[in-house]
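> Going by the working numbering, the sequence shown runs without a break in its numbering and finishes at 212.
Glycine included, every Cβ here is placed at the ideal spot set by N, Cα and C.
Here the structure is a predicted model, which means the values were calculated and not measured.
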Amino acid sequence: MEDTRLDIAATAENLKEIRQFVRNYIDKCGGLDQYKDELVLAIDEACQNVVRHAYKDIKGEIALKLSFKNNEFIVTVEDDGTPAIPEKIKPRNLDDVKPGGLGTFFINQIMDSVSFQLSSPHWTNCLIMKKKIK
79 MEDTRLDIAA
89 TAENLKEIRQ
99 FVRNYIDKCG
109 GLDQYKDELV
119 LAIDEACQNV
129 VRHAYKDIKG
139 EIALKLSFKN
149 NEFIVTVEDD
159 GTPAIPEKIK
169 PRNLDDVKPG
179 GLGTFFINQI
189 MDSVSFQLSS
199 PHWTNCLIMK
209 KKIK
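1) By how many angstroms is the C-alpha of residue 209 removed from the C-alpha of residue 147?
2) Give the DSSP-derived three-state secondary structure of residue 163 in the structure shown.
3) When we look at the beta-carbon of residue 136 and count the other beta-carbons within 10 Å, is it buried (16 or more) or exposed?
4) For a test of the three-state rule: what should DSSP assign to residue 110, helix, strand or coil?
5) Between residue 130 and residue 114, how many whole angstroms is the CB-CB distance? I'm expecting something under 8 Å.
6) Excluding the five sequence neighbours on either side, which residues of its own chain have a C-beta within less than 6 Å of the C-beta of residue 92, listed in chain order?
7) So is the beta-carbon of residue 140 under 7 Å away from any non-hydrogen atom of the ligand SAH?
Shown next as structure tokens:
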């Protein structure tokens, strides 16, 4: 399947469009129906984190790249927001019952590999998530 890319303003209002973009790509890939909901959730959580934490109250963009090759679904989320500090990005304690804050937990449960690169050639933050499709 060909790679695809979406460059979009990093706003809460655009998260719906991002989810639909991901669903459409997964549908075109074929054979991924059983993974669709969890992949959409992981990508949505990653993009929400960009909106909430990387940009906070400033305007910015998200570059979302999707790839499906050799039974591996690869997601790249890039932004120019506040630089992430990967060692501080941890899921909160699940015993701490309160709304929100579970995005990184879901991402790590769904994806097989999650890594950060800082200062990619054109962006400040680059999140790469991979899921092996069996």
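Reading it off the structure:
1) As a first step, residue 147 must be located in the sequence shown, where it is residue number 69. As a first step, residue 209 must be located in the sequence shown, where it is residue number 131. A straight line joining the alpha-carbon of residue 147 with that of residue 209 spans about 11 Å.
2) To locate residue 163, count along the sequence shown from 1; it is residue 85. Note: residue 163 maps to coil in three-state DSSP.
3) In the sequence shown, counting from the first residue as 1, residue 136 sits at position 58. Label assigned to residue 136: exposed.
4) The sequence position of residue 110 within the sequence shown is 32, counting from 1. It is coil, neither helix nor strand.
5) As a position in the sequence shown, residue 130 is number 52, starting the count at 1. As a position in the sequence shown, residue 114 is number 36, starting the count at 1. That belief does not hold up - the Cβ atoms of residue 130 and residue 114 are roughly 24 Å apart, past 8 Å.
6) On the sequence shown, residue 92 is found 14 positions in, with the first residue counted as 1. If we look at residue 92 and ignore the five residues flanking it on each side, its Cβ neighbours are 86.
7) As for the ligand SAH, it is missing from this structure, which has no ligand bound.
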